[in-house]
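J.: Questions regarding the structure given below will be posed in turn.
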Amino acid sequence: MDTEILSIETGYRRGVFDLTADATRFISGKGDGLLNVFVPHATAGIAVIETGAGSDDDLMDAIDAMLPRDDRHYRHRHGSPGHGADHVMPGIVAPSTVVPVIDGRLALGTWQSIVLVDPNQDNPVRQVRLSFLGG
Amino acid sequence: MDTEILSIETGYRRGVFDLTADATRFISGKGDGLLNVFVPHATAGIAVIETGAGSDDDLMDAIDAMLPRDDRHYRHRHGSPGHGADHVMPGIVAPSTVVPVIDGRLALGTWQSIVLVDPNQDNPVRQVRLSFLGG
Amino acid sequence: MDTEILSIETGYRRGVFDLTADATRFISGKGDGLLNVFVPHATAGIAVIETGAGSDDDLMDAIDAMLPRDDRHYRHRHGSPGHGADHVMPGIVAPSTVVPVIDGRLALGTWQSIVLVDPNQDNPVRQVRLSFLGG
Chain X
10 MDTEILSIET GYRRGVFDLT ADATRFISGK GDGLLNVFVP HATAGIAVIE TGAGSDDDLM
70 DAIDAMLPRD DRHYRHRHGS PGHGADHVMP GIVAPSTVVP VIDGRLALGT WQSIVLVDPN
130 QDNPVRQVRL SFLGG
Chain Y
10 MDTEILSIET GYRRGVFDLT ADATRFISGK GDGLLNVFVP HATAGIAVIE TGAGSDDDLM
70 DAIDAMLPRD DRHYRHRHGS PGHGADHVMP GIVAPSTVVP VIDGRLALGT WQSIVLVDPN
130 QDNPVRQVRL SFLGG
Chain H
10 MDTEILSIET GYRRGVFDLT ADATRFISGK GDGLLNVFVP HATAGIAVIE TGAGSDDDLM
70 DAIDAMLPRD DRHYRHRHGS PGHGADHVMP GIVAPSTVVP VIDGRLALGT WQSIVLVDPN
130 QDNPVRQVRL SFLGG
């Protein structure tokens, strides 16, 4: 298995961060197999959505509607307001996905991007692990 | 890795489409390994649920309750009403899953089916990629 | 592929059950690869979240808010009240995840645990399949 850790500079900003270029570079030339994208943080997720046409911000709004950032809703209360919601989010937007790779290219659809979903404004940098298993 | 693309005729219909028979055929005789089911569209997802007893339609209703089809909620606005919601859905119902395969058979539970979840009524046909990595 | 089935005694209790110790033991000494955790039940899911600081119960509350346990919402109605919601949950909290394994260790973050999410109070024991594909 080939594996690599990315450092994504989120700059304390909540939002969606596109990982597609990094993933494309990582699997370039690697043939056929499965790419796992995994974020080793308890307040972030990985998604595959369209970016750049508003859906990235729409996803953040939908998460906030589903998981209100009023800490009275949560047992887990510390850090910035809404941190309790941040810890529930990975139950809904999971920290792991798998994308097929064909002949060294991501088999994504035209409008799909692999993204880090980070609702947590308390961190300036996030790690993401890319792992490729060929076959 | 063995891989194959299915064409699923949704006929412009919103709903849940059972892929289990296609997946069963695809991995038949392939031994042990992991099956990845991936939909290369930005407005569809893959789930593993019970079908045929109402839960498939219940899932569509739950998605509509979580992601209201009133386009005032979304920055991404074009196509049919609700298309903004369609683009958020893959953040919640991801376009990728992995199912273990044992001795050429899907290791699903009795009541589990692998399904395409398609809230988008603008397409008559959807592609789904099946990929098997043995070991 | 190495594979093993765990029996998790939930004791008819709704909640989150930590699988991390079992997964750690299972992949110990197995080198690099991908671990798939899969629950072969139609009313349970797998998540990767922090446990022990309240977020496990917060996740159950969030699921109940998103999928109300009033059976008038569901076509699928039988068993205990809320069973219709139990059958929708795997569409949101999927029954499958993949975690990278490096040198026989789970590449989880400090605060991440792999958990079984079981909203269904009708079962005393749940099965979970662990599968490791090295490479």
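Chains as they are written, first to last, in my numbering: chain X, 10 to 144; chain Y, 10 to 144; chain H, 10 to 144.
Glycine is no exception: its CB is placed at the ideal position from the N, C-alpha and C atoms.
#1: What is the residue span of the beta strand (DSSP E) that arginine 23 of chain H lies within?
#2: Give the secondary structure of alanine 51 of chain Y by DSSP, where H, G and I count as helix, E and B as strand, and everything else as coil.
#3: Would you please verify whether the beta carbon of isoleucine 58 of chain Y is less than 8 Å from any beta carbon of chain A?
#4: When DSSP labels each residue in this structure, what does threonine 106 of chain X get in the three-state scheme?
#5: Go through its chain and collect everything with a Cβ distance to isoleucine 14 of chain X's Cβ below 6 Å, but skip five positions before and after it.
#6: Phenylalanine 35 of chain H CB to nearest chain Y CB: under 8 Å?
#7: Take every Cβ of the segment 57-64 of chain H, pair it with every Cβ of the segment 93-100 of chain X, and state whether three or more of those distances are shorter than 8 Å.
#8: Give the residues of chain Y in contact with serine 140 of chain H, contact being defined as C-beta atoms less than 7 Å apart.
#9: Should glycine 118 of chain Y be flagged as near chain H, meaning a C-beta pair shorter than 8 Å?
#10: What number of angstroms, rounded off, separates the C-alpha of aspartate 80 of chain H from the C-alpha of proline 90 of chain H?
#11: Find the residues of chain H that neighbour methionine 75 of chain Y, judging by a C-beta separation of less than 7 Å, and give them in chain order.
#12: Per the DSSP calculation, alanine 56 of chain X is bridged to which residue(s)?
#13: Alpha carbon to alpha carbon, how far is valine 142 of chain H from histidine 87 of chain Y?
#14: Confirm the yes/no value for this check: CB of glycine 63 of chain X, any heavy atom of the ligand ADP, distance under 7 Å.
#15: Return the CA-CA distance between glycine 144 of chain H and leucine 115 of chain H, expressed in angstroms with no decimal places.
#16: How about glutamate 59 of chain Y and alanine 51 of chain H: do their beta carbons lie closer than 8 Å?
#17: Distance cutoff 8 Å, beta carbons only. Does threonine 12 of chain Y sit that close to anything in chain X?
#18: Identify which residue in H/Arg23, H/Asp11 and H/Thr12 has its Cα closest to the Cα of asparagine 129 of chain H.
#19: Measure the alpha-carbon distance for valine 57 of chain X versus phenylalanine 26 of chain H and round it to whole angstroms.
#20: Rounded to a whole number of angstroms, what is the C-alpha to C-alpha distance between valine 126 of chain H and isoleucine 101 of chain X?
#21: Residues in the same chain with beta-carbon distance under 8 Å from glycine 38 of chain Y, minus the five sequence neighbours each way, listed in chain order, please.
#22: Counting only beta-carbon separations shorter than 8 Å, does phenylalanine 47 of chain Y have a partner in chain X?
#23: Would you grab the beta carbon distance between glycine 42 of chain X and methionine 10 of chain Y for me? Rounded to a whole angstrom, and I think it's under 8 Å.
#24: To which residues of the same chain is glutamine 145 of chain Y closer than 6 Å at the C-beta, ignoring the five residues directly before and after it?
#25: Show which residues of chain X have a CB atom less than 9 Å away from the CB atom of isoleucine 55 of chain Y.
#26: Along the chain, where does the beta strand (DSSP E) containing glycine 143 of chain Y start, and where does it finish?
#27: Who are the neighbours of arginine 84 of chain Y on chain X, taking C-beta pairs under 7 Å?
#28: Under a three-way DSSP split, which group does alanine 89 of chain X fall into?
#29: Using a Cβ-Cβ cut-off of 6 Å (strictly less than) and excluding sequence neighbours within five positions of asparagine 45 of chain Y, which residues of its own chain qualify?
#30: For the putative contact between proline 104 of chain X and isoleucine 55 of chain X, defined by C-beta atoms under 8 Å, what is the C-beta separation to the nearest angstrom?
#31: Using beta carbons (cut-off 8 Å, strictly below), is isoleucine 123 of chain Y in contact with chain H?
#32: What is the C-beta distance between alanine 134 of chain Y and leucine 28 of chain Y, in whole angstroms, given that I count them as a contact (C-beta under 8 Å)?
#33: Using a Cβ-Cβ distance under 8 Å, would threonine 106 of chain X count as near chain Y?
#34: Take the Cβ of alanine 30 of chain Y as the centre, count every other Cβ of all protein chains shown within 10 Å, and call the residue buried at 16 or more, exposed below.
#35: Would you identify the three-state DSSP class for threonine 119 of chain X, choosing helix, strand or coil?
#36: When burial is assigned at 16 or more other CB atoms within 10 Å of the CB, is tyrosine 83 of chain H buried or exposed?
T.: In short, the structure shows the following:
#1: Position 14 of the third sequence, counted from the first residue, corresponds to residue 23 of chain H. If you look at arginine 23 of chain H, you'll find it isn't in any beta strand (DSSP E); DSSP assigns it neither H nor E.
#2: For the purposes of this step, residue 51 of chain Y is identified with residue 42 of the second sequence, where counting begins at 1. Correct three-state label for alanine 51 of chain Y: coil.
#3: Protein chains in the displayed structure are X, Y and H, and chain A is not among them.
#4: Against the first sequence, residue 106 of chain X aligns to sequence position 97. Note: threonine 106 of chain X maps to strand in three-state DSSP.
#5: Here residue 14 of chain X is taken as the residue at index 5 of the first sequence, counted from 1. Answer for isoleucine 14 of chain X: Gln136 and Arg138, listed in chain order.
#6: Taking the third sequence and counting its residues from 1, the one referred to as residue 35 of chain H is at position 26. Output row for phenylalanine 35 of chain H: interface = no.
#7: Touching, yes.
#8: In the third sequence, counting from the first residue as 1, residue 140 of chain H sits at position 131. In chain order, Leu43 and Pro109 make up the part of chain Y whose C-beta sits under 7 Å from the C-beta of serine 140 of chain H.
#9: Translated into positions along the second sequence, residue 118 of chain Y becomes position 109. Output row for glycine 118 of chain Y: interface = yes.
#10: Along the third sequence, read from residue 1 onward, the residue named residue 80 of chain H stands at position 71. Along the third sequence, read from residue 1 onward, the residue named residue 90 of chain H stands at position 81. Aspartate 80 of chain H and proline 90 of chain H have their C-alpha atoms spaced approximately 6 Å apart.
#11: Start at 1 with the first residue of the second sequence, and residue 75 of chain Y comes out as number 66. The answer, in chain order, is Met75.
#12: For the purposes of this step, residue 56 of chain X is identified with residue 47 of the first sequence, where counting begins at 1. According to DSSP, alanine 56 of chain X shares a beta bridge with X/Val124.
#13: Taking the first residue of the third sequence as 1, we reach residue 142 of chain H at position 133. Taking the first residue of the second sequence as 1, we reach residue 87 of chain Y at position 78. A quick correction: the sequence has leucine, not valine, at residue 142 of chain H. Between the alpha carbons of leucine 142 of chain H and histidine 87 of chain Y lies a distance of about 42 Å.
#14: This structure lacks the ligand ADP, and indeed carries no ligand of any kind.
#15: The residue labelled residue 144 of chain H in the question sits at position 135 within the third sequence. The residue labelled residue 115 of chain H in the question sits at position 106 within the third sequence. Each residue's Cα considered, the two are about 15 Å apart.
#16: Within the second sequence, the letter at position 50 stands for residue 59 of chain Y. Within the third sequence, the letter at position 42 stands for residue 51 of chain H. Closer than 8 Å, so yes.
#17: The count along the second sequence starts at 1 and reaches residue 12 of chain Y at position 3. Closer than 8 Å: yes.
#18: Taking the third sequence and counting its residues from 1, the one referred to as residue 129 of chain H is at position 120. Comparing Cα-Cα distances from asparagine 129 of chain H to each of H/Arg23, H/Asp11 and H/Thr12, the minimum goes to H/Arg23.
#19: As a first step, residue 57 of chain X is located in the first sequence; it is residue number 48 there, counting from the start. As a first step, residue 26 of chain H is located in the third sequence; it is residue number 17 there, counting from the start. The alpha-carbon atoms of valine 57 of chain X and phenylalanine 26 of chain H are separated by roughly 27 Å.
#20: Position 117 of the third sequence holds residue 126 of chain H. Position 92 of the first sequence holds residue 101 of chain X. Distance between the alpha carbons of valine 126 of chain H and isoleucine 101 of chain X is about 11 Å.
#21: For the purposes of this step, residue 38 of chain Y is taken as the residue at position 29 of the second sequence. Result list for glycine 38 of chain Y: Gly113, in chain order.
#22: Against the second sequence, residue 47 of chain Y aligns to sequence position 38. Yes, contact with chain X.
#23: Sequence index remark: in the first sequence, residue 42 of chain X carries index 33 (1-based). Sequence index remark: in the second sequence, residue 10 of chain Y carries index 1 (1-based). About 6 Å separates the two Cβ atoms, so the contact holds.
#24: Past the edges of chain Y, shown from 10 to 144, lies residue 145 of chain Y, and the structure says nothing about it.
#25: The residue given as residue 55 of chain Y occupies position 46 in the second sequence. For isoleucine 55 of chain Y, no chain X residue has a C-beta closer than 9 Å to its own C-beta; the minimum C-beta separation is roughly 11 Å.
#26: By 1-based counting over the second sequence, the position of residue 143 of chain Y is 134. Start and end: 134-143.
#27: In the second sequence, residue 84 of chain Y corresponds to position 75, counting from 1. Here the neighbours are Gly63, Asp66 and Asp67.
#28: Within the first sequence, the letter at position 80 stands for residue 89 of chain X. Going by the sequence as given, residue 89 of chain X is serine instead of alanine. Shown here, serine 89 of chain X sits in coil according to DSSP, grouped into three states, outside any helix or strand.
#29: Numbered from 1 along the second sequence, position 36 holds the residue referred to as residue 45 of chain Y. Here the set comprises Val107 and Ser140.
#30: Translated into the one-based positions of the first sequence, residue 104 of chain X becomes position 95. Translated into the one-based positions of the first sequence, residue 55 of chain X becomes position 46. With a Cβ gap of about 6 Å, proline 104 of chain X and isoleucine 55 of chain X count as contacting.
#31: Here residue 123 of chain Y refers to the residue found at position 114 when the second sequence is read from its first residue. It does not; no Cβ of chain H falls within 8 Å.
#32: Stepping through the second sequence from its first residue, residue 134 of chain Y is reached at position 125. Stepping through the second sequence from its first residue, residue 28 of chain Y is reached at position 19. The sequence shown places valine at residue 134 of chain Y, rather than the alanine named in the question. About 14 Å; that fails the 8 Å criterion.
#33: Residue 106 of chain X sits at position 97 when you count from the first residue of the first sequence. Yes, contact with chain Y.
#34: Reading the second sequence from its first residue, position 21 is the one you call residue 30 of chain Y. Of the other Cβ atoms in all chains shown, fewer than 16 fall within 10 Å of the Cβ of alanine 30 of chain Y; this residue is therefore exposed.
#35: Residue 119 of chain X sits at position 110 when you count from the first residue of the first sequence. Threonine 119 of chain X falls in the coil class under three-state DSSP.
#36: Counting from one through the third sequence, the residue named residue 83 of chain H turns up at place 74. Here tyrosine 83 of chain H is buried, its C-beta having at least 16 other C-beta atoms within 10 Å.
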